[in-house]
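There are 2 protein chains.
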Amino acid sequence: MSLLVTGSLGIDTVETPFGKRDDVVGGSAVYFAYAASFFTPVRLVGAVGEDAPKSFFDVFKGRDIDTTGLEIRKGSKTFRWHGSYVKDLNEAVSVQTDLNILAEQGPRIPPNFLDSKYVFLANSHPALQQQLLSSLKNPKLVVADTMNLWINVERPELLNLLKKIHGLVLNDGEARLLTEKKNLIEAGREVMKLGPKFVIIKKGEHGSLLCIGDEVFVLPAFPADKVVDPTGAGDSFAGGMMGYLATQGTFSPPTIKRALAFGTVVASFTIADFSLAGLQATDRDAIDQRFAAFKSAMSF
Amino acid sequence: MSLLVTGSLGIDTVETPFGKRDDVVGGSAVYFAYAASFFTPVRLVGAVGEDAPKSFFDVFKGRDIDTTGLEIRKGSKTFRWHGSYVKDLNEAVSVQTDLNILAEQGPRIPPNFLDSKYVFLANSHPALQQQLLSSLKNPKLVVADTMNLWINVERPELLNLLKKIHGLVLNDGEARLLTEKKNLIEAGREVMKLGPKFVIIKKGEHGSLLCIGDEVFVLPAFPADKVVDPTGAGDSFAGGMMGYLATQGTFSPPTIKRALAFGTVVASFTIADFSLAGLQATDRDAIDQRFAAFKSAMSF
Chain A
41 MSLLVTGSLG
51 IDTVETPFGK
61 RDDVVGGSAV
71 YFAYAASFFT
81 PVRLVGAVGE
91 DAPKSFFDVF
101 KGRDIDTTGL
111 EIRKGSKTFR
121 WHGSYVKDLN
131 EAVSVQTDLN
141 ILAEQGPRIP
151 PNFLDSKYVF
161 LANSHPALQQ
171 QLLSSLKNPK
181 LVVADTMNLW
191 INVERPELLN
201 LLKKIHGLVL
211 NDGEARLLTE
221 KKNLIEAGRE
231 VMKLGPKFVI
241 IKKGEHGSLL
251 CIGDEVFVLP
261 AFPADKVVDP
271 TGAGDSFAGG
281 MMGYLATQGT
291 FSPPTIKRAL
301 AFGTVVASFT
311 IADFSLAGLQ
321 ATDRDAIDQR
331 FAAFKSAMSF
Chain B
41 MSLLVTGSLG
51 IDTVETPFGK
61 RDDVVGGSAV
71 YFAYAASFFT
81 PVRLVGAVGE
91 DAPKSFFDVF
101 KGRDIDTTGL
111 EIRKGSKTFR
121 WHGSYVKDLN
131 EAVSVQTDLN
141 ILAEQGPRIP
151 PNFLDSKYVF
161 LANSHPALQQ
171 QLLSSLKNPK
181 LVVADTMNLW
191 INVERPELLN
201 LLKKIHGLVL
211 NDGEARLLTE
221 KKNLIEAGRE
231 VMKLGPKFVI
241 IKKGEHGSLL
251 CIGDEVFVLP
261 AFPADKVVDP
271 TGAGDSFAGG
281 MMGYLATQGT
291 FSPPTIKRAL
301 AFGTVVASFT
311 IADFSLAGLQ
321 ATDRDAIDQR
331 FAAFKSAMSF
């Protein structure tokens with residue numbers, strides 16, 4: 041089933057202990073779409089400026105990603121982010137952020153995407169996330185991401201959004217900020233009181249946590265002995281997870297658990313190289329093999 | 041098979057967000073011995089001062105713990121630690137540490153303990169750890185713990201110890217300090233180059249990591265929604281792990297993985313209450329039940 045993603049497309053400059061890459065393709069929707077496309081057809085909705093280099097779009101070539109919803113807006117500039125992981129591979133320092141087009145009005149969902157059943161609202165203003173969601177006809181599974189900024193400055197809008205989605209993905213710091221609970225299981229349960237039926241808390245190198253109903257599921261990160269560039273790990277995780285879910289048609293706890301494991305495995309390819317290169321170097325067979333290895337490495 | 045543990049016995053004062061306990065029983069060997077005794081008979085070697093209250097020894101009553109090696113040294117004072125987790129439940133702040141008897145000569149292993157096949161050298165001066173080890177006849181499995189202090193000030197002695205043991209247990213910060221590798225898998229592999237056949241890296245609330253040969257095994261902590269007092273979690277983890285291993289007679293990777301999972305589960309009881317109370321409130325049946333729940337919560 042088709043999976044719709046809305047989110048950012050950006051031009052990144054990234055520094056890590058393994059080098060620097062200037063003006064590479066990035067953005068939450070890009071990582072998400074690429075990761076999800078290993079599992080299911082993806083519909084991409086987002087906007088870039090006139091300055092987006094032609095090579096930007098090459099990344100979608102040969103992938104099952106419908107870019108009908110990719111707007112190239114005249115007179116606008118593409119979102120740019122310059123981040124550094126030189127001090128700590130587990131935490132990006134933002135050297136510079138130019139919101140550019142992300143500060144303008146949001147993209148539109150094209151008519152042929154309005155019947156999408158699976159939807160991921162990557163991190164953006166919660167009012168925009170709601171606006172995009174409201175235009176969809178009858179989505180079956182809606183999952184959103186968010187960030188500190190919106191928790192701090194747009195909490196009422198975010199709380200409105202939470203009433204309308206099935207699942208929320210956020211990182212540990214954001215979960216604590218949103219709920220004022222330090223214990224992540226408590227935090228996850230608090231979030232569910234705000235609306236979502238399940239909550240996935242990303243803990244970076246420490247893996248992830250799923251709260252659904254009374255159940256708690258913990259998953260370590262795939263053990264990686266070399267992390268080159270963690271950019272996009274969280275979005276790739278979400279993409280792998282949602283991509284797998286879109287092929288299942290059920291959202292039972294065991295299915296979501298397997299989806300988390302697929303997300304974990306896909307993210308492990310992302311961080312092995314700069315920008316999209318880690319994902320571009322893999323395929324579904326390699327993902328399935330690593331999934332089996334992960335399952336085996338975790339069983340006792 | 042009998043499991044020998046040498047380590048500290050202490051009088052703790054502990055503060056956490058859930059309250060304060062003055063002069064309660066503590067010490068690495070105490071937590072370890074109690075935790076291991078759910079699985080196998082334990083031989084305890086350690087020393088306290090004359091000031092140790094009679095109630096100190098009550099904790100071993102009814103447990104399969106042989107205290108022949110527990111010395112009450114005249115003219116000496118028991119090790120005391122005052123720690124606070126009020127600011128951060130995941131990291132103790134030492135308010136006061138009085139080494140007392142730990143700064144004197146070490147305890148002796150009684151003659152009837154010298155044939156012990158399973159040995160855990162809880163954290164103490166690496167020269168003392170070696171001295172204790174050298175008196176044993178023909179141990180089958182020797183695992184040691186260590187700490188920042190010895191890595192910093194007694195590195196040559198610690199390196200000598202590492203050549204003589206089968207397994208090392210240490211926390212993430214210590215593994216990084218010892219090897220100067222930030223990536224924990226790299227760190228684990230570096231430690232193995234120094235002697236041990238396997239390395240277990242404890243990551244507190246984030247679980248643990250096992251490196252053995254080319255294999256890497258990651259295990260999250262048992263998902264706990266209420267942590268009352270984390271004191272002794274690492275020693276209980278080691279106790280559960282070694283206790284289980286002592287019943288197995290093989291140290292294959294799958295056996296050590298299961299042992300880590302048992303250690304994880306036992307530690308989850310420790311942190312649910314102050315001092316030994318969490319362990320005292322449980323039994324082997326409850327441990328086995330939680331083990332099954334943990335296995336199920338982690339499978340996908």
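Protein chains in written order, with the numbering used here: chain A, 41 to 340; chain B, 41 to 340.
Every residue, glycine too, gets a C-beta built ideally from N, C-alpha and C.
Please check if any C-beta of chain B sits within less than 8 Å of the C-beta of A301 (chain A).
-> Position 261 of the first sequence, counted from the start, is the residue given in the question as residue 301 (chain A). Interface flag for A301 (chain A) against chain B is set, since a Cβ pair is found closer than 8 Å.
For this session: Go to T107 (chain A), then tell me how far its beta strand (DSSP E) extends in each direction, as first and last residue.
Result: Position 67 of the first sequence, counting from 1, holds the residue named residue 107 (chain A). I105 to R113 is the span of the beta strand (DSSP E), which, as asked, contains T107 (chain A).
Measuring only the C-alpha atoms, how far is L208 (chain A) from Q169 (chain A)? As a first step, residue 208 (chain A) must be located in the first sequence, where it is residue number 168. As a first step, residue 169 (chain A) must be located in the first sequence, where it is residue number 129. Approximately 12 Å, taken between the alpha carbons.
Suppose the cutoff is 7 Å on Cβ atoms and the five residues either side in sequence are ignored; what does the same chain contact list for V410 (chain A) look like?
With chain A covering only 41 through 340, there is no way to say anything about residue 410 (chain A).
Q: Output, in chain order, the set of chain B residues within a Cβ distance shorter than 8 Å of E131 (chain A).
A: Numbered from 1 along the first sequence, position 91 holds the residue referred to as residue 131 (chain A). Ordered by position in chain B, no residue passes the 8 Å Cβ test against E131 (chain A), which lies about 12 Å from the chain.
Checklist entry - Alpha carbon to alpha carbon, how far is F277 (chain A) from I112 (chain A)? => result Looking up residue 277 (chain A) in the first sequence gives position 237. Looking up residue 112 (chain A) in the first sequence gives position 72. Rounded to the nearest angstrom, the two C-alpha atoms are 27 Å apart.
key: DSSP-derived helix/strand/coil call for A184 (chain B)   = In the second sequence, the residue the question calls residue 184 (chain B) occupies position 144. In this structure, A184 (chain B) counts as strand in the three-state DSSP scheme.
Look at A307 (chain A) and G283 (chain A) and say whether their C-beta atoms are less than 8 Å apart. Taking the first sequence and counting its residues from 1, the one referred to as residue 307 (chain A) is at position 267. Taking the first sequence and counting its residues from 1, the one referred to as residue 283 (chain A) is at position 243. No.
**Asked** Which class does E255 (chain B) belong to by DSSP, given the choice of helix, strand or coil?
**Response** Locating residue 255 (chain B) in the second sequence gives position 215, counting from the first residue. The answer is strand: DSSP assigns E255 (chain B) an E or B state.
Partners in chain A for A87 (chain B), counting only beta-carbon separations shorter than 9 Å: Against the second sequence, residue 87 (chain B) aligns to sequence position 47. Here the premise fails: no neighbours, minimum Cβ distance about 36 Å.
- Query: Going by DSSP, what residues sit across from A87 (chain A) in a beta bridge?
  - Reply: The residue you call residue 87 (chain A) lines up with position 47 of the first sequence. Partner(s): A:E111.
Distance between beta carbons of F72 (chain A) and A162 (chain A), contact taken as under 8 Å
For this step, residue 162 (chain A) is matched to residue 122 along the first sequence. For this step, residue 72 (chain A) is matched to residue 32 along the first sequence. 6 Å between Cβ atoms; contact.
Just the chain A side, please: which residues come within less than 8 Å of A337 (chain B) by C-beta, in chain order? Position 297 of the second sequence, counting from 1, holds the residue named residue 337 (chain B). Per Cβ cutoff of 8 Å: E255, V256, F257 and V258.
* Can you list the residues of chain B that R148 (chain A) reaches, using a CB-CB cut of under 7 Å? -> For this step, residue 148 (chain A) is matched to residue 108 along the first sequence. Chain-order list of chain B residues neighbouring R148 (chain A): empty, with the shortest C-beta distance near 37 Å, by a criterion of under 7 Å.
Work out the CA separation of V45 (chain A) and V193 (chain A) for me, nearest whole Å. Numbered from its first residue, the first sequence carries residue 193 (chain A) at position 153. Numbered from its first residue, the first sequence carries residue 45 (chain A) at position 5. Each residue's Cα considered, the two are about 24 Å apart.
Where does V88 (chain B) land, buried or exposed, given buried means 16+ other C-beta within 10 angstroms? As a first step, residue 88 (chain B) is located in the second sequence; it is residue number 48 there, counting from the start. In summary, V88 (chain B) is buried, with 16 or more beta-carbon neighbours lying within 10 Å of its beta-carbon over all protein chains present.
Assess, as a yes-or-no matter, whether the stretch 227-235 of chain B is touched by the stretch 227-241 of chain A under the definition of 3 or more beta carbon pairs within less than 8 Å. By the Cβ test, the stretch 227-241 of chain A is not in contact with the stretch 227-235 of chain B, since fewer than three Cβ pairs between them sit closer than 8 Å.
Exercise. Give, in chain order, every unbroken run of the alpha helix (DSSP H) that is at least 4 residues long and sits entirely within the stretch 280-312 of chain A.
Key: Whole alpha helix (DSSP H) segments, 4+ residues: 293-310.
- Measure from the alpha carbon of G59 (chain B) to the alpha carbon of each residue in B:V65, B:F79, B:S124 and B:G67, then state which is nearest. One-based indexing of the second sequence puts residue 59 (chain B) at position 19. Among B:V65, B:F79, B:S124 and B:G67, the Cα nearest to that of G59 (chain B) is on B:S124.
Checklist entry - So what's I149 (chain B) in DSSP terms, helix, strand or just coil? => result For the purposes of this step, residue 149 (chain B) is identified with residue 109 of the second sequence, where counting begins at 1. Correct three-state label for I149 (chain B): coil.
Notebook entry, point to check: Are three or more beta carbon pairs between the stretch 297-306 of chain A and the stretch 323-338 of chain A nearer than 8 Å?
Noted result: By the Cβ test, the stretch 297-306 of chain A is in contact with the stretch 323-338 of chain A, since at least three Cβ pairs between them sit closer than 8 Å.
Alpha-carbon spacing of R195 (chain A) relative to N188 (chain A), whole angstroms: Numbered from its first residue, the first sequence carries residue 195 (chain A) at position 155. Numbered from its first residue, the first sequence carries residue 188 (chain A) at position 148. Cα-Cα distance, rounded: 10 Å.
Contact check, L202 (chain A) vs D212 (chain A), beta carbons under 8 Å: Residue 202 (chain A) sits at position 162 when you count from the first residue of the first sequence. Residue 212 (chain A) sits at position 172 when you count from the first residue of the first sequence. Their beta carbons are not under 8 Å apart, which means L202 (chain A) does not touch D212 (chain A) by this criterion.
Notebook entry, point to check: In this structure, what does DSSP give as the bridge partners for L250 (chain A)?
Noted result: Taking the first residue of the first sequence as position 1, residue 250 (chain A) is located at position 210. DSSP output for L250 (chain A) lists A:I240 and A:F257 as bridge partner(s).
*asked:* Does the contact criterion of 3 or more C-beta pairs under 8 Å hold for the stretch 260-274 of chain A versus the stretch 283-299 of chain A?
replied: No: the two stretches stay apart, fewer than three of their Cβ pairs being nearer than 8 Å.
Where the beta strand (DSSP E) through N211 (chain A) begins and ends
If you number the first sequence from 1, residue 211 (chain A) lands on position 171. Counting along the chain, the beta strand (DSSP E) containing N211 (chain A) begins and ends at G207 to N211.
How big is the Cα-Cα spacing for L259 (chain A) and L259 (chain B)? What you label residue 259 (chain A) is simply residue 219 of the first sequence in a count that begins at 1. What you label residue 259 (chain B) is simply residue 219 of the second sequence in a count that begins at 1. When rounded, the distance between both Cα atoms is 8 Å.
Checklist line | Check whether Y158 (chain A) and A286 (chain A) have beta carbons under 8 Å apart | finding: Locating residue 158 (chain A) in the first sequence gives position 118, where the first residue counts as 1. Locating residue 286 (chain A) in the first sequence gives position 246, where the first residue counts as 1. Here Y158 (chain A) is near A286 (chain A), since their CB atoms are less than 8 Å apart.
* Examine chain B for any beta-carbon lying closer than 8 Å to the beta-carbon of R298 (chain A), and answer yes or no. => Walking along the first sequence from the start, residue 298 (chain A) turns up at place 258. Closer than 8 Å to the CB of R298 (chain A) there is at least one CB belonging to chain B.
### Query
Would T186 (chain A) pass as a contact of L199 (chain A) if the rule is Cβ separation under 8 Å?
To locate residue 186 (chain A), count along the first sequence from 1; it is residue 146. To locate residue 199 (chain A), count along the first sequence from 1; it is residue 159. It is not a contact, given that the beta carbons lie outside the stated cut-off.
Note to self: Within the continuous alpha helix (DSSP H) that includes E197 (chain A), where are the two ends?
What the structure shows: For the purposes of this step, residue 197 (chain A) is identified with residue 157 of the first sequence, where counting begins at 1. Per DSSP, E197 (chain A) belongs to the alpha helix (DSSP H) from R195 to L202.
Contacts around G146 (chain A), its chain only, beta-carbon distance under 6 Å, and the 5 residues preceding and following it disregarded = Counting from one through the first sequence, the residue named residue 146 (chain A) turns up at place 106. Taken in chain order, the residues that qualify are L168.
Beta-ladder partner(s) of K94 (chain A), from DSSP: The residue labelled residue 94 (chain A) in the question sits at position 54 within the first sequence. Its beta-bridge partners do not exist; DSSP assigns none.
What residue range does the alpha helix (DSSP H) around K60 (chain A) cover? Walking along the first sequence from the start, residue 60 (chain A) turns up at place 20. Unbroken run through K60 (chain A) is the beta strand (DSSP E), G59 to G66; no alpha helix (DSSP H).
Beta-carbon gap between G274 (chain B) and K242 (chain B) smaller than 8 Å: In the second sequence, counting from the first residue as 1, residue 274 (chain B) sits at position 234. In the second sequence, counting from the first residue as 1, residue 242 (chain B) sits at position 202. Result yes, Cβ atoms of G274 (chain B) and K242 (chain B) sit closer than 8 Å.
- If we call anything under 8 Å between Cβ atoms a contact, is P81 (chain B) one with D106 (chain B)? In the second sequence, the residue the question calls residue 81 (chain B) occupies position 41. In the second sequence, the residue the question calls residue 106 (chain B) occupies position 66. It is a contact, given that the beta carbons lie within the stated cut-off.
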